[in-house]
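Below: the structure, in structure tokens.
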Amino acid sequence: MVDFRREIEKPEYDFLRENDHLGSNVCLLTVGGSHAYGTNVEGSDIDIRGCALNSVMEILTGTGFEQVINNETDTTIYSFNKLVFLLTGCNPNVLELLGCLPEHYLVLDHIGEMLIKHSKLFLSQRAAYTFGGYANAQLRRLDNKAARNVGQAAREKHILNSINNMSVKFREKYAEYPDDAIKLYIDASQKEEIESEIFMDVTLHHYPLRDYKSLWSEMNNVVRDYATIGKRNAVAIAKGKLGKHMMHLVRLYYTCFDILEQEKIITYREKEHDLLMDIRAGKYLDENSQPIPEFFEMVDELEKRLVYARENTSLPVKPDFRRIQEFTADVNRDVVTGRAEYWR
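Now the structure itself:
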């Protein structure tokens, strides 16, 4: 068993103590990656994640840093303000920092504890789309050979799910349009080479051309990604890491289920441990190291559960921005007045 506290005392982690943005400003430091998920194997890398308070000068002048990244040690420390911004958007990589096992927190002062205590403040229906988007991004990294094995129609469904997960952000990024203005659906194709394809019904009036170009470009990128077998997959297969990508895809779904169904962030996946490790070990790969159809059938069922959970969750559509702003202001006020030091 890895002694993480002893690990971060090694010289390669001196930046945690010596960097001007870190040191005593770190309010939360935790183990990340496979160790945090409980899916680590012998030789798994140690990832460190955390949060550091912005300094008085940064707060008063509106300047500062977003994150400190040390590639040598796979460490990323976010500034408090940046972390809150990402949490508000239900970013999966940062939400998981608030749901780790107690023993995985290597630094946790009062403000770090308050972040965890107020974690529900950041949860909203956005999680269905951010986690779903990350999951579908993982799916697009897998070799299309397996998708072909379950049928071209199933592959179209994966593409449509990806676009639907992504499109929730369109309302925030581009000019508004009626709910029924852009309708995407799958129907029989007139093309001989494919069984079915995604069609569009579009009714837009007086809509900004540049906004339409941008949202069209985003949808086109998803279709393009599915049409191309990425070099990353070849590398993953060569290094025997395709099972790891598949495992993380499934893990993202289960983490999202806890958020939508229980309003909890559970980073360590104890309940699904055996399933995840089987996937990582290659149980769902064929003799050519490609995902078998049963894996994509599993993903289809997980996607159905995600849709149901999204439609029936008690979480708000959007987080309470005012309460988040008040929480952020309280913490930054404590830093400026020196009260944050008192809590240490």
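Numbering follows the working numbering, with no gaps: position 24 of the sequence shown is 990. Glycine is no exception: its CB is placed at the ideal position from the N, C-alpha and C atoms.
query, result
"Met1132 in three-state terms, based on DSSP", "helix"
"DSSP beta-bridge partners of Arg1015", "Thr996, Thr1042"
"Bounding residues of the alpha helix (DSSP H) (the contiguous stretch that carries Leu1226)", "1208–1228"
"Helix, strand or coil at Met967 according to DSSP, with G and I counted as helix", "coil"
"Three-state class that DSSP yields for Tyr1100 in the structure shown", "helix"
"Option nearest His1172 by Cα separation, candidates Ala1141, Ser1155, Val1189", "Ala1141"
"Spatially closest choice to Gln1104 from Tyr979, Gln1033, Leu1215, Leu988, by CA coordinates", "Leu1215"
"Length of the line joining the Cα atoms of Ala1119 and Leu1251", "21 Å"
"Alpha-carbon to alpha-carbon, Ala1018 and Leu988", "6 Å"
"Whether Arg1092 touches Val1134 by CB criterion (9 Å)", "yes"
"Cβ-based burial, Gln1256 [other Cβ within 10 Å; buried from 16]", "buried"
"Residues sharing a beta bridge with Tyr1071, DSSP", "Thr996"
"Ordered list of beta strand (DSSP E) runs contained in the segment 1158–1185, each at least 3 residues", "1162–1168"
"Cβ contact (3+ pairs, closer than 8 Å) linking the segment 1179–1191 and the segment 1122–1138", "yes"
"Span of the beta strand (DSSP E), counted from its first residue to its last, around Ile1152", "1148–1154"
"The segment 1275–1295 in contact with the segment 1010–1024 per 3-pair CB rule at 8 Å", "no"
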